[in-house]
Every structure is written in structure tokens, then in C-alpha cells.
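Student: These protein sequence lines map, in sequence, to chains A and B.
Be aware that the first sequence starts at 3, since it is given in our numbering, and climbs by one per residue.
Be aware that the second sequence starts at 3, since it is given in our numbering, and climbs by one per residue.
2 protein chains.
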Amino acid sequence: MGGAAGAAVAGGAAGVDAAARAAASSGIESASREERAAWLEALAAALEADRGELVAIAHRETHLSETRLDGEVTRTAAQLRFFAGVAREGSYLEATLDSPDPTTIPPRPDLRRMLRPLGPVAVFTASNFPFAFSVLGNDTASALAAGCAVVVKAHPGHPELSRRTAGLAVAALASAGAPDGILSLVEGVEAGVALVQHPSIAAVGFTGSVRGGRALFDLACARRAPIPFYGELGSINPVVVTPAAAQERAADLAAGLVGSFTRDGGQYCTKPGLVFAPSDSGFVDALASVLADAPAQRLLTDGMSGAFADGASAFAGRDDVEVIGTVRASDTDVEVAEASSPVVIVVEAATFLASREDFLAECFGPLTVVVGYADSAELSAAVGVLEGSLTATIQHAGDEDVAPLTDALSRIAGRVVFNGWPTGVAIAWAQHHGGSWPSTTASVHTSVGASAIRRFLTPIAYQDAPQSVLPAELQDGNPLRIPRRENGALGA
Amino acid sequence: MGGAAGAAVAGGAAGVDAAARAAASSGIESASREERAAWLEALAAALEADRGELVAIAHRETHLSETRLDGEVTRTAAQLRFFAGVAREGSYLEATLDSPDPTTIPPRPDLRRMLRPLGPVAVFTASNFPFAFSVLGNDTASALAAGCAVVVKAHPGHPELSRRTAGLAVAALASAGAPDGILSLVEGVEAGVALVQHPSIAAVGFTGSVRGGRALFDLACARRAPIPFYGELGSINPVVVTPAAAQERAADLAAGLVGSFTRDGGQYCTKPGLVFAPSDSGFVDALASVLADAPAQRLLTDGMSGAFADGASAFAGRDDVEVIGTVRASDTDVEVAEASSPVVIVVEAATFLASREDFLAECFGPLTVVVGYADSAELSAAVGVLEGSLTATIQHAGDEDVAPLTDALSRIAGRVVFNGWPTGVAIAWAQHHGGSWPSTTASVHTSVGASAIRRFLTPIAYQDAPQSVLPAELQDGNPLRIPRRENGALGA
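1) Find out if the Cβ-Cβ distance for the pair B:G451, B:P368 is shorter than 7 Å.
2) When burial is assigned at 16 or more other CB atoms within 10 Å of the CB, is A:E162 buried or exposed?
3) On the CB-based measure, 16 or more other CB atoms within 10 Å of its CB, does A:E189 come out buried or exposed?
4) Per DSSP, what kind of secondary structure is A:I396 in: helix, strand or coil?
5) How many angstroms separate the CA atom of A:D220 from the CA atom of A:V195?
6) Measuring CA to CA, which of B:L42, B:A86, B:F126 and B:F133 is closest to B:R53?
7) What's the call for B:G409, buried or exposed, on a 16-neighbour Cβ count within 10 Å?
8) Quick one: is B:D141 near chain A, going by C-beta distance under 7 Å?
9) Kindly indicate which three-state DSSP category B:F85 falls into: helix, strand or coil?
10) Enumerate in chain order the residues of its own chain whose CB-to-CB distance from A:V371 is below 6 Å, with the five nearest sequence positions on each side excluded.
11) Whole angstroms are fine: how far does the CA of A:A467 sit from the CA of A:I429?
12) Residues of chain B with CB under 8 Å from A:H434, in chain order?
13) For the 8 Å Cβ check, are there 3 or more pairs between the stretch 372-380 of chain A and the stretch 338-356 of chain A?
14) If you draw a straight line from the C-alpha of B:A171 to the C-alpha of B:L185, how long is it?
15) Let's see if you can read the secondary structure: which residues bound the beta strand (DSSP E) around A:G416?
16) Along chain B, in chain order, which residues have C-beta atoms closer than 7 Å to that of A:F263?
17) A:K155 bridges to which residues according to DSSP?
18) What residues of chain A sit near B:I107, judged by a beta carbon separation below 8 Å?
19) Kindly indicate which residue of B:H200, B:R166 and B:G179 has the alpha-carbon position closest to the one of B:V153.
20) Within the present structure, is the beta-carbon of B:L95 separated from the nearest heavy atom of the ligand PLP by less than 6 Å?
21) Along the chain, where does the beta strand (DSSP E) containing B:P461 start, and where does it finish?
22) Would you kindly work out how many angstroms separate the C-alpha atoms of A:R213 and A:R77, rounded to a whole number?
23) Could one say the Cβ of A:T408 lies closer than 7 Å to chain B's Cβ atoms, at least one of them?
24) Is the stretch 62-70 of chain B touching the stretch 449-465 of chain B, taking contact as three or more C-beta pairs under 8 Å?
25) Determine the closest residue to A:A24 out of A:A294, A:P102, A:G121 and A:Y94, with distance taken between C-alpha atoms.
26) Give, in chain order, every unbroken run of the alpha helix (DSSP H) that is at least 4 residues long and sits entirely within the stretch 232-298 of chain B.
27) For the candidate residues A:P297, A:T328, A:F354 and A:R165, whose alpha-carbon lies nearest to that of A:T264?
28) Can you give the Cα-Cα distance for A:V292 and A:T328, rounded to whole angstroms?
29) Residues of chain A with CB closer than 7 Å to the CB of B:N421, please, in chain order.
30) Does B:L175 get closer than 7 Å to chain A when you measure Cβ to Cβ?
31) Buried or exposed: A:R166, going by 16 or more other Cβ atoms within 10 Å of its Cβ?
32) Does the beta carbon of B:L221 come closer than 7 Å to any beta carbon on chain A?
33) According to DSSP, is A:S391 part of a helix, a strand, or is it coil?
34) Taking beta-carbon pairs under 9 Å, can you tell me which members of the stretch 443-462 of chain B lie near chain A?
35) Which of the three DSSP states, helix, strand or coil, is assigned to A:L170?
36) Please name the residues in the stretch 227-239 of chain A whose beta-carbon is closer than 7 Å to at least one beta-carbon of chain B, in chain order.
Okay, here's the thing in C-alpha cells:
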């Protein structure tokens, strides 16, 4: 199948134009939900069939462990099958029918509404999940499930893996009978810019940095006809350890936190990067003890290792923090690219509040900031300055009233975790990846969970339409047996 | 109740700040769905109670007929009650529960997801529906139903009515036990700009011109933390008359079209502004005959009358069109403000295609452009250049195959109408107001129909949460009996 790889890769502005035009004229919107579900299953099977080779390439390019990468292939195949199930089930179409009623003001005609594919989607892939948020990741799976063709902008951190995955995907789609043009790959910063500006592109999915995401978001808004930009731009994922939890299980919490913030080099968008813990609880001592045994790890790219060293050095250079762990400066240590050591920065709440902009900036890699608070008033003040985050976590004792804290954190976070850790995002109908700016650019929909499909759909209503022009999902008698709402009542 | 009006109106940047802060601290998000539904019903009752006085003010300010305005009050009350029903029914929350499953990769915890209110909403009201898309219109009704406070930017075309409506609304909400600050009114262009830029505002609903809407959309995108801007910016609402339809019922179609494009001065966002009809069908002659009896009408404001005269004059001054009706120039006719006569511009398809940008511009008021086509190839070419529109209409004979035409029009329109006219938007679960740019800025959701509520909501997922912190809608046993999805299966 490797021979197909070349066909999937486009270069330069001409390549982007060809890819976007091919996506627009692919005819994917005419395929049935069952056909699209079968394509997604074929993609899952193709990933699994080439698992060994793909994991080897990914390991070489990203330095993530083979165990982690193998699990990520499993996860990515599960995501593709999950969206196949979402497409088949059909409730995502929001099929809604109302019968005529001449007595209302104004009179009601026969109205039938459902969602239709929005059009070709540009997908900007992530560095840190070379499978699950990459060429065949959630954005691509949900777009294909919705009936939208996809043009993927490859992440430069794993170019060979991106090409290889695109190649097997194009071949698998062709074998499954899918039309040409529904998936292609482009590379490079200029190609990404041209893609967001291309008139055939109808929406963008993006996972990456605040800086890069904001620049592309601005381009999407500045188009003559603006398009929705669904971006996830970083997250600090605050954790609150209550006094009762710290007293009950400081050692367990320290071990859990270190495991979570150093997992795979701390390169998760859900990495806990800011932890509020009672100052006098012994939690920091427990943390120092665990951290002594945590190994250094090689980050995704040399650029990221350097950025991590710079970020950690900036924190460590302050005279109002305590530093646990080894901080290396990127310009003085030649080995910095090969091994980034985990670091904890400890700061008191008053200092955090006085320099909040410094402490609220994400440091990508194995670093977390522990903010010591004296009492609930200090904790409330500190929580009150938090910005949007994918997750927020509460470590509490069983009988505590954490409702006010839950309320405060649910205003900024997409997922609130209780007595657990935010890394490791399960695939489920009830899952999602949200939170207010900057964790997402469009908080009404996010890239994870079944509703990710909703980003790439737009409603259409038919008024007094002949049966012959209606999609089967809206025809009399519900021939495809999907969940519908008829005259206001839900029912299958 | 008139005494409360003053309290609802804010002026200048300080007034906007006070209104937005009051909205943010109102606590509306803690109210139950039942409470919010009761408030909406109280607003509907208050509108109806003051119907006579409100219609008189509206008639004086807008020149719309009292019959039309009386019907619009009825419609607006029905909209408020419709959204009360949407809030009570509860399926809009998308409540979704998944049980733990340790066998998945990654393992699945207990996950419960629903939608929560996004935060204070800025509502920019329309000129042409002084009730239904104004202070208590669809944007306000859907935002309050969602649990969001509203700051309304009044349209300058009916200031007294806006103040009077806001005053009765604030009094009715207080009587119904609603918290202070959930509805207020600001006035003026500068206040509107300050509102879109205010950090407490979480989303914008807008109905108006492409120019004004685009300027505010750009401000919403340029914020440090951008917010969604749900705008409806104008629409030409194309109509296709097939040869068989023209042969079958030219006179009926002409009467229907004139009734629709001149209805209430042609000041509907769904006014049919572009009609494709076979060149040799006698349809234009039939139209001329009907138009001769259509009266001149006074438009909403003198500014709109002048803009209509300018727009009509620009068409009439071309040497490649035929003009039916009386065109007045705004700078030569002193009576132009008091009576705008309906106008039909007739053009051949080749001319339309050659000057498409001129003919695709909306002319607000009683004017429509009829494009004559020779054959289906010409029709396809003309339809192929259409941009986003709220509606598209097909007038056809019973046995014709209109599936290809439906397919082409459904790509650009939010609602496709068969053998009817697009004006008169029924209130229904299956209704909506969409279409691609410029008819809407964010085509994934629109301001009409039950799903309008979705614009002002954002998801939250709870992971392993204690029952005591969960909203009742997500608790074990479904105590509020709302539609939920549990472990993938829909059910009440």
C-alpha cells in the first residue's frame, strides 16, 4: 500500500488548490451514512493492519514510547469506529418534522428539518498525538462521519508518519469504494495559510498552540465569507487539593500528580499544570520525594525541548518561588534536547495572584506549578482568576461539600474531574474537550465526543417538499428508522 | 408599568458596563428551567396585556400597518411561549451519561455531560420586526430559555417602542420573581460597539445589514477572547419558476410573487428578491399586469426609503434591463420618503451572469429582479453563482423531477420552499433561519426554531462526580424525567 502515499501529499499553493477542489467535487455528501460508516471502519482496520510499521515510524519521529504509541493506535481505531456508530445511529441529524397547521400565526406549512454536511474541512493536526489527533484523528473521523471531505495539514513533528498514514488511508478508502478526493494531505506553513483562505474550505479543526491557532483563527474570520474555526489552543488544567484530601492522602496525591504531569513527557493538552494545595499540608514534601524518582524524557521535537527549558528557566529564575527538580537552560546545556527533567514550581497564593499572567501561561512539557493557599478565602481568590481550560480537577475527601468549588470551576472548564487525574481522555458519548477561551475558540462545540460531528453540519429545512426530493431520513414513515422528533415529540 | 421603563435603559459606555456587569452577576444560571419558562410566559402575557398601546407606538414609528403589527405581537408572544416549552421539555440539554468501563483504552470513568448557559448575550434588534426580532424577539427568548441574561441594543428605527417594551419586560420579570439584571436595554452605535467588546458578554445575536453585521462580527473576532457572533446579514431569497409551472399558472404565480415581494413594503429578510423564470412564458406580462394595482407604501424609516430609491434607480439606469413600475430618485422627488412604489427589474440570464455582483446585492424594499432563462443550461449556470440565502423557492408542476434543482439550492439556502412563498416564517420545532454567508455568519446554528437556544449553551462533562454536585438533570434515576442518552441509548 505504500505506493499510494505520494498521491496523497500536495505541496505549495497549487497543491492546496488541487486538494481543496478535489474535496469540494468529491461527491461525498451523496454517500449514505452506512457507506461512510463502512469507510471509517476500513480506515480503522488499515491502521491496525500496519500497526507495527506505523508505531516504529512514530517512535523514531516523536520519541514517545512504543507502548504508548501502540495504545494510541488502538485508541485511534476505536475513535474511527465510534464515529462510524454515530453516523449509523443517525440522531446526530436532528431530524425534525412538523405537520401543517393553518390555525397558527403565521400558518404552519409541512416543515422537515435535518442537518447536512457543511463542506470540505481543513484539519490541522497536533504534535502530541501522532495518531489520535493527526491524519486519522478525531477531527478527520468526525468530518468524514458528517459527510465532509478532509484536507489535512500535517504537523511538521512527524512528517513521515503523516505521509505514511495518508497513503494507507487513501488506499483503504479506494478499496472500500469511497470517491477520490475525500482525504488528502498538505504540508508546510504556507500551505496551511492557503488552506484556511481557500474558498472551497467550509470549516477548520485545529489542535495546537495559542499563538498558531490565534493566527489561523484570525485568517478564518477575515475571509470574505468567514468560516467556523474550531481550535483547541492550550490549557493549564487546574487542580484543587482540599485540606481534607491533603491530610487524608498526601503521598497518594503526590504520586498521582507526578504520574499525570510527567506522563509521556508532560505533553498532554490535559496535563495538570497548576495545582492549588494547602500550604502547611506536607503535600509539597511528598511531591519532592516522588519527583526524585521521576526520569527525564526526550520531548517530541528539539524545538519543544528548547522551549520547555526556556519556560522552566523563566520560572526558576524568579526569587519568589521554590524549585523542585533539575532545570536546564537551553543555551548552556548541550544535552537539553535529549532529556527534559520534570520540574515543580512552588509559589504562595499572594505571589501567584500578583504575577498571574506569568503563572497562567502554559509550559508544554513535564512542569507543574503548585500554589500554596492558607485558607478558603485565598483559594477562592486564586480560583477566581483562572481562564478557560479543558479540564479542572477537585481532589477532595468523601464527606466534603465541594458544590461551590464545582460551580466555580465549571464556569471555565469543559470537564470537571473528581478524585482522579485529567490525562487520559476516554472515548464516550458523554465525553468532550471544551472550556472557554483559550482552551477552545468556539466553546459551543468541541473536537472530542460524539458531538464533535456537529461542528461540520448545517441545518436545512424543507417546506412542503415532494417526497421524491426529501432525504430518506425525512420521508414519511421513517424508512431508515432513525430517531426523529415529530410534531414536537421525540421518538424513533 | 410604564414607570419601570427608565430603569431598563442605559446610555453611553458607563451604561453598557453597568448593564453587562448586572447581566453577569444576575445569577440567572442558577434558576431552574421551570422558573425560566414561567418568566417567558409572564413576558408573553405582558406583551399581550399592553397590545393596543404597543401597536400604536410601533405603527407611529415604523409605518407598518396596525393589522400586521397586531399579528406580530401575537407571533412574538407565541415565540416566547414556544421557548418556554423548549426549556421545560429539556432535550436541548443533550443530557448524556456513560457508565464506567475499565476495559476500554483508555479506561472509561463515570461521565455525565450536558449543556450549560454560555453567559450574558448581546442582542442587536432588527428594524423590520419591531416585536418578533426586537427586545422580546427570538434572540432574547432563546437566550433567556437557555439561562443567559440579555443586554439588548435597541434599533434606532423604533426607540420609543424599544424603551416601552423593555420597561414592561423588566416589570413583568420582577413580578414573576426573576432576579435583577437579566434584561436591559442600551442605545446608540457607540453603546453597541462597547457591548460587543465587553468582557462579560459571551455571545452576540444580530439581525441587520451585511455592512453593520460584518463590522460587529469583526469586533467579536478581534477580542482578546473572541466570542461567537450569530448574525443574519441579509438575503436575496432566489425563486425558480420552471417552464411547466409558468405554463400551468403564470397569473397565479405573478399574483403570489407580487404579494410576497411587496408584503409590508418588501421589508422581510425572506423577501424573494431574485426570480428565475422562462423568457418566453408570458410570466413577465402577467407580473406587469398585477403590479399595476400594487400600492406604494411608506418604508420603516426615511433613510430606508432613500436607500431604496437609490438602489432602484441604480437598476433602472442600466440600459440592459427592463423596468416595470415607478422608480423615484431620492434626490429629485420630495415625496420619496412617504411612498415607495413596487418595482420589477427584468434582465436576461447572460446579462445577470455578466453583472452578477450588481444583481446579487440585496435591495431592501419592494423590488425584485426577474432573470429570464432560455433553457435548463442557462438556468443551471445562473443558479450556480448564487450565494448564501435564508430561503430558496421552487415553483414547479406536480410531476416534474426537481431533485437536481433542490440539491443545488439546498447548498446555499437554509430553507427550500416548494410551490409556496418564503415570506411568513412559521414557529415550529422544524423551522430555522439559515443559509451560508452572508445570510448567516455562523451557519451551524440560526436564530429561528427550537435549536436557536443551542447558540447560547456550552457543554460541561462531569467525571466521577458525587451526586450532590451534579445538576438534577444528570443525577441517578433521572429525577426530572428529561430525555437523556444513557450508555449510547436514547430514552426518557
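Just so it is clear, CB atoms sit at the ideal spot from N, CA and C, and this is done for glycine as well.
None of these values were measured; they are calculated from a predicted model.
Tutor: Concretely, from the data shown:
1) Against a cut-off of 7 Å, the Cβ pair of B:P368 and B:G451 comes out as no contact.
2) Here A:E162 is exposed. Its C-beta has fewer than 16 other C-beta atoms within 10 Å.
3) A:E189 comes out buried.
4) Taken through DSSP and simplified to helix, strand or coil, A:I396 comes out as strand.
5) Whole-angstrom Cα-Cα distance: 11 Å.
6) Out of B:L42, B:A86, B:F126 and B:F133, B:F133 has the C-alpha closest to the C-alpha of B:R53.
7) The residue asked about is misnamed: residue 409 of chain B is Asp in this sequence, not Gly. So B:D409 ends up on the exposed side.
8) Closer than 7 Å to the CB of B:D141 there is not a single CB belonging to chain A.
9) Three-state DSSP puts B:F85 in a helix.
10) In the same chain as A:V371, and ignoring 5 residues on each side of it, the C-beta atoms closer than 6 Å to its own belong to L276, I347 and F361, in chain order.
11) So the two alpha carbons sit approximately 39 Å from each other.
12) Ordered by position in chain B, the residues that pass the 8 Å Cβ test against A:H434 are R115, P461 and A463.
13) By the Cβ criterion, the stretch 372-380 of chain A is in contact with the stretch 338-356 of chain A, since at least three pairs of Cβ atoms, one from each stretch, lie closer than 8 Å.
14) If you draw a straight line from the Cα of B:A171 to the Cα of B:L185, it is about 8 Å long.
15) It spans A415 to F420 - the beta strand (DSSP E) in which A:G416 sits, taken as one unbroken run.
16) Here the premise fails: no neighbours, minimum Cβ distance about 17 Å.
17) Beta-bridge pairing links A:K155 to A:F126 and A:V188.
18) Residues of chain A with a Cβ closer than 8 Å to the Cβ of B:I107 are, in chain order, G73, T76, R77 and A80.
19) Distances from the CA of B:V153 to each of B:H200, B:R166 and B:G179 were compared; the closest alpha carbon is that of B:H200.
20) Judged by which ligands are present, the structure shown has none, so any question about the ligand PLP falls away.
21) That run of the beta strand (DSSP E) goes L459 to Q465.
22) The alpha-carbon separation between A:R213 and A:R77 amounts to approximately 28 Å.
23) For A:T408, the nearest beta carbon of chain B is closer than 7 Å to its own beta carbon.
24) With the cut-off at 8 Å, the stretch 62-70 of chain B and the stretch 449-465 of chain B do not touch.
25) The shortest Cα separation from A:A24 among A:A294, A:P102, A:G121 and A:Y94 belongs to A:G121.
26) Whole alpha helix (DSSP H) segments, 4+ residues: 245-263 and 285-293.
27) Of A:P297, A:T328, A:F354 and A:R165, the smallest CA-CA separation from A:T264 is found for A:P297.
28) Going from the Cα of A:V292 to the Cα of A:T328 covers about 14 Å.
29) The contacting residues are D466.
30) Not a single C-beta of chain A is nearer than 7 Å to the C-beta of B:L175.
31) That one is buried.
32) False, the Cβ-Cβ gap to chain A never drops below 7 Å.
33) In the structure shown, A:S391 sits in a strand (DSSP, three-state: E or B).
34) Of all residues in the stretch 443-462 of chain B, only T443, A444, S445, V446, H447, T448, G451, A452, S453, R456, R457, F458, L459, T460, P461 and I462 place a beta-carbon less than 9 Å from a beta-carbon of chain A.
35) Residue state, collapsed to three classes: helix.
36) Residues of the stretch 227-239 of chain A with a C-beta less than 7 Å from any C-beta of chain B: A227, P228 and P230, listed in chain order.
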